[in-house]
Amino acid sequence: MQSMLVSWILNTIEPTLRSTISYMETSKELWEDIKERFSIVNGPRIQQLKIELVECKQGRMTMVNYYGKLKTLWDELANYKQILTCTCGNCKCDIVTKLEKHREKEKIR
Numbered sequence: 001m002q003s004m005l006v007s008w009i010l011n012t013i014e015p016t017l018r019s020t021i022s023y024m025e026t027s028k029e030l031w032e033d034i035k036e037r038f039s040i041v042n043g044p045r046i047q048q049l050k051i052e053l054v055e056c057k058q059g060r061m062t063m064v065n066y067y068g069k070l071k072t073l074w075d076e077l078a079n080y081k082q083i084l085t086c087t088c089g090n091c092k093c094d095i096v097t098k099l100e101k102h103r104e105k106e107k108i109r
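Written out as structure tokens, the structure reads:
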């Protein structure tokens, strides 16, 4: 079963990248290796999205198209930014809700 999972994972990877990945015995080891290798935050893309948001003007777009473009940019940016959560297990300050509200306020600045 493990060899089938390893094979499946490897076959889903771009062939040019596949040759750079070491062989692993288990799918868990392989997945962790891939995750470590490719899950680096994309700083330049985040900066590019912020610039696009600042420079985004309605111009001749309809309100619906303008809103759609802004929403697409904000959604992609949100995918790159993780919401911090309390890890103490005894949080009473509701930090997650506060951070989500802060993120929403950023959209109207």
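Under the UniProt record's numbering, the first residue of the sequence shown carries the number 1, and numbering increases by one thereafter. In this text, a Cβ means the ideal position worked out from N, Cα and C, and glycines have one as well.
Verify whether the separation of the beta carbon atoms of residue i and residue j is less than 8 Å.
{"i": "residue 52", "j": "residue 73", "result": "yes"}
{"i": "residue 76", "j": "residue 49", "result": "yes"}
{"i": "residue 56", "j": "residue 69", "result": "yes"}
{"i": "residue 2", "j": "residue 25", "result": "yes"}
{"i": "residue 22", "j": "residue 5", "result": "no"}
{"i": "residue 37", "j": "residue 80", "result": "no"}
Only counting the same chain, and skipping five residues up and downstream in sequence, which positions put a Cβ closer than 6 Å to that of residue i?
{"i": "residue 103", "result": "none"}
{"i": "residue 85", "result": "96"}
{"i": "residue 66", "result": "58"}
Assign residue i to buried or exposed, taking buried as 16 or more other Cβ atoms, counted over all protein chains shown, within 10 Å of its Cβ.
{"i": "residue 30", "result": "buried"}
Using a Cβ-Cβ distance under 8 Å, would residue i count as near chain B?
{"i": "residue 73", "result": "The structure shown contains no chain B; it is built from a single protein chain."}
Skipping 5 residues on each side, what residues in its chain have a beta carbon closer than 8 Å to that of residue i?
{"i": "residue 61", "result": "69"}
{"i": "residue 10", "result": "18, 21 and 30"}
Starting from the C-beta of residue i, find all residues in its chain whose C-beta is less than 7 Å away, skip the five residues before and the five after it, and write them out in chain order.
{"i": "residue 42", "result": "80"}
{"i": "residue 93", "result": "none"}
For this session: Counting only runs of 4+ residues fully inside the stretch 7–31, write out the alpha helix (DSSP H) ranges in chain order.
Result: You should have 15–18.
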